[in-house]
RNA sequence: GGUGGGAUGGCUGAGUGGACAAAAGCGGCAGUCUUGAAAACUGCAGAGUCCGCAAGGGCUCCGGGGGUUCGAAUCCCUCUCCCACCGCCA
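In my numbering, the protein residues as written are 4 to 438.
What follows is the structure, given as structure tokens:
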């Protein structure tokens, strides 16, 4: 959420920001409620002040009868105002939590995803001297992806990853962990793109995949609720990304400045209901209810957060380059940005089976939007407290990365070559997936 | 699932109806001493929110919510989490 003081002082800018982002938010109503709220807080404060004075007197006096009467009267007045404040505050908070984040200067203005801007491309679009197949077909022919049987036992949009596909998943995990936990490798990445950030390595984590509604809401990730799997018997949600539990890890905590940046690389399954995406990407495993993902989460000082995101994107690119997959880096425009985002950058990877780029990575810079809700702060060296800035980003969405590998590395004979860097993580240094 | 014990500031921990924003210790910051550091000594230090240009002042906060009372860290109810033991279990 935004600082209410900021909204008070920048009413028009906040309104315009909502418009740019296609998010409906009644800012006038919010400020009207804000005024009421402050007035009530003042009135209640005055009554309580009187009550406290009365209590002081009470200690000195022997005959307390009159004072107790006075106290009762104050109590009555107080009881009248309390529910009023509660009501106002509830609506106030509901609107306040809906107000989207401000945006970075370099976020493109646009209505919808058509306004997104390609910032750069890497790699050649591969040319085949045969008709390249889609991953679904390849997966079936090679007996590495089984969708029909998954449909039988779990329903649509599920899959069994088998044989080399299952092994590829673990190879990708090992590959990513070996890079992100190695400070020297990270130093190399920083040097190559000329950034000025710490090379501190990422802490590997396997986080919980169920989360309580409170922390989920404070991550600004509970909505859209219809997108979440929910276990009512225990009042828990299944996470849609490791970000949800990783980001909430330090809620209600104060981090020391010298411990920042704090970087995590989490591995977890991600669960998505994909409500409202009927008929979209129904072939293959591009859009599924359950997939495994490696996710980066970073907490840093406010002044470093843009550079931190640039670093994170550089890591994403390094990972994709290591697999020799062609991609484009896309700056997401105002109309397509997630509500909590200050700046969002996606990576889209070339999929020969679809003959186009598809999203494989996203990188969200939230600034203090989440940390203000989560109450995650940093104690600066001068003793002052500030909200930390938070970044989250995909390292590998494993399903989609496997799609990219098998489609880009397919051969005329229907086999798939395994990217060189992954072979050492495959049993027997496997080079090729064959029928 | 059962029984018992807990949750107090950055940390440890005292506090069982008005004296308590809360002892003490550790840690932090500043100073004295020192060539410098350590030690010792002295002093300063919670967070949130509201009013105010500011100086300053008010209110709230002792795990969360509710209640009793003129008044609650303290009494009652409830929830959550933690610890110990038992049971079950990968």
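Positions of the beta carbon are idealized from the N, C-alpha and C atoms, including for glycine.
Residue 275 is a Cβ neighbour of residue 292, given a cutoff of 9 angstroms. Linking residue 351 to residue 128 through their CA atoms gives a straight-line distance of about 12 angstroms.
Nearest neighbour of residue 138 by Cα position, chosen from 287, 231, 111, turns out to be 287. Under the 8 angstroms Cβ criterion, the stretch 292-303 counts as touching the stretch 260-270, having at least three qualifying pairs. Residue 200 and residue 311 have their C-alpha atoms spaced approximately 7 angstroms apart. By the neighbour-count criterion, in which 16 or more other beta carbons inside 10 Å mark a residue as buried, residue 159 falls on the exposed side. Annotated as proximal: residue 40 and residue 88, with beta-carbon spacing under 9 angstroms.
Excluding residues up to 5 positions away in sequence, 170 lie with their Cβ nearer than 8 angstroms to the Cβ of residue 430 in the same chain. With contacts defined as CB atoms closer than 9 angstroms, residue 250 and residue 377 qualify as a contacting pair. Only residues of its own chain outside the window of five on either side were considered, and among them 338, 339 have a CB closer than 7 angstroms to the CB of residue 115, listed in chain order. Cβ neighbours of residue 221 within its own chain (closer than 7 angstroms, five residues either side excluded): 251, 254, 376, 377.
Looking at the backbone, the Cα of residue 26 and that of residue 143 are separated by about 42 angstroms. Where residue 352 is concerned, the enclosing beta strand (DSSP E) starts and stops at 346-354. Residue pairing by DSSP places residue 259 opposite 382 in a beta bridge. Judged by DSSP in its simplified three-state form, residue 64 adopts coil rather than helix or strand.
The three-state reading of DSSP puts residue 223 in coil, since its state is none of H, G, I, E or B. Fewer than three pairs of CB atoms, one per stretch, sit closer than 8 angstroms, so the stretch 198-213 makes no contact with the stretch 323-342.
Around residue 7, the same chain offers 37, 99 as residues with beta carbons nearer than 7 angstroms, after the five sequence neighbours per side are excluded. The beta-carbon separation of residue 368 and residue 308, rounded to 6 angstroms, stays under the 8 angstroms limit for a contact. Secondary structure note for residue 268: its beta strand (DSSP E) is the uninterrupted segment 265-274. Under DSSP, the beta-bridge partners assigned to residue 397 are 298.
Excluding the 5 residues flanking it on each side, residue 384 has same chain C-beta neighbours closer than 8 angstroms at 260, 261, in chain order. Proximity to residue 265 across 219, 203, 396 peaks at 203, based on C-alpha coordinates. Counting C-beta pairs closer than 8 angstroms gives three or more between the stretch 386-404 and the stretch 316-324, which meets the contact rule.
Between residue 232 and residue 216, the beta carbon gap of about 13 angstroms keeps them out of contact (Cβ cut-off 8 angstroms).
The C-beta separation of residue 223 from residue 373 comes to about 6 angstroms, placing the pair in contact by the 8 angstroms criterion. Bridge pairing for residue 370: 393 [DSSP]. Taking 9 angstroms as the cut-off, the Cβ atoms of residue 111 and residue 303 do not count as close. As computed with DSSP, residue 206 is found in a beta bridge with 267. Taking the CA atoms as reference points, residue 32 sits about 21 angstroms from residue 84. Counting along the chain, the unbroken alpha helix (DSSP H) around residue 196 starts and ends at 186-196. The three-state secondary structure of residue 288, taken from DSSP, is coil.
Distance check between residue 132 and each of 148, 415, 437 places 415 closest, using alpha-carbon atoms only.
When DSSP states are grouped into helix, strand and coil, residue 357 belongs to the coil group. Look at residue 120 here: in three-state DSSP terms it is strand. Rounded to whole angstroms, the separation of the alpha carbons of residue 194 and residue 188 is 10 angstroms.
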